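Okay, so here's the structure we're looking at.
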Amino acid sequence: MSVALGVIDASVGETPAEANLRRELDADITVFKLIEGEFPPSKSASEWEFDGIIISGSQTSVYDDYDWIHEATEWVRRVHHVGIPILGICWGHQFLAQALGGRVVDMGEYELGYEQIRRLGDDPLFEGLAEEFTSFETHSDRVAELPPGATTLARNNYGVQAFRVGSTYGVQFHPEYDRETAVWVTERKDLPDERIHSVLDGITDESVEAARESKTIFENFRGLVETHQPIQQI
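Counted the way the working numbering counts, the sequence shown spans residues 1062 to 1295.
What follows is the structure, encoded as structure tokens:
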């Protein structure tokens, strides 16, 4: 079955975001650049072309006062309301939480590098993943309060790492990252040299291989999209 996914690229400037998602997603992909005000059309079900939506990471904060964030908030509420499957990654995870009634705050510190994440309970998105798994993290904001009706699916010492509300999912970590992206992102952080070198030292063959398990999430999301009922209205 061919699956059509709309990828909302929230990154700013030239980044590996689009290339990483195209590599990992076994689907027909159409990319929309969020900071340019691009969204899939959502006027009616007859114009809707996508089986699911992916929202990427970004260098911004979801609480920044940008017009495109406000516009995206209204748009994603409509998409969520009709039950179209959505997966938000890092910024996308925080954006979905905030848009649907949760709260995102500045942590006052950075989670950066390959980290351990603890899965809570069972959910189709995490099928096949160990109770504890590894993935790359890069964020200084976190979801402090979940949206009404949401369930926490994963946590670590920095807080909520994944949640679900209806057919909408958010994951704080980056299952799409490869080794090159992990290095690229780390080297561009405005952090003390000692911290940067420490994170770079942790980007080893072993950690990169361990993080491959988290990529299962993309296959699982595709499975959820394939079994989802067609929308009737939007």
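Beta carbons: idealized from backbone N, C-alpha and C, even for Gly.
Predicted model, so just to flag it, every value in this text is computed and none were measured.
Assumed close pair residue i, residue j - CB separation to whole angstroms, cut-off 8 Å
i            : j            : result
residue 1176 : residue 1198 : 5 Å
residue 1147 : residue 1116 : 7 Å
residue 1131 : residue 1228 : Between residue 1228 and residue 1131 the Cβ distance is about 23 Å, and since that is not below 8 Å, they are no contact.
residue 1127 : residue 1121 : 7 Å
With 16 other Cβ atoms within 10 Å as the buried cut-off, status of residue i
i            : result
residue 1113 : buried
residue 1098 : exposed
residue 1185 : exposed
residue 1073 : exposed
residue 1239 : buried
residue 1075 : exposed
residue 1209 : exposed
residue 1192 : exposed
residue 1172 : buried
C-alpha gap between residue i and residue j, whole angstroms
i            : j            : result
residue 1158 : residue 1234 : 15 Å
residue 1203 : residue 1167 : 7 Å
residue 1243 : residue 1092 : 22 Å
residue 1261 : residue 1153 : 25 Å
residue 1275 : residue 1190 : 7 Å
residue 1250 : residue 1201 : 11 Å
residue 1111 : residue 1139 : 14 Å
residue 1217 : residue 1065 : 32 Å
residue 1090 : residue 1141 : 19 Å
residue 1267 : residue 1100 : 38 Å
residue 1255 : residue 1264 : 15 Å
residue 1187 : residue 1269 : 19 Å
Pair within 9 Å by beta-carbon distance, residue i and residue j
i            : j            : result
residue 1231 : residue 1155 : yes
residue 1071 : residue 1286 : no
residue 1181 : residue 1205 : no
residue 1165 : residue 1219 : no
residue 1174 : residue 1151 : no
residue 1252 : residue 1226 : no
residue 1280 : residue 1082 : no
residue 1161 : residue 1211 : yes
residue 1213 : residue 1271 : no
residue 1069 : residue 1109 : no
residue 1241 : residue 1077 : yes
residue 1095 : residue 1283 : no
Simplified DSSP assignment, three categories, for residue i
i            : result
residue 1156 : helix
residue 1274 : helix
residue 1065 : strand
residue 1184 : coil
residue 1262 : helix
residue 1083 : helix
residue 1286 : helix
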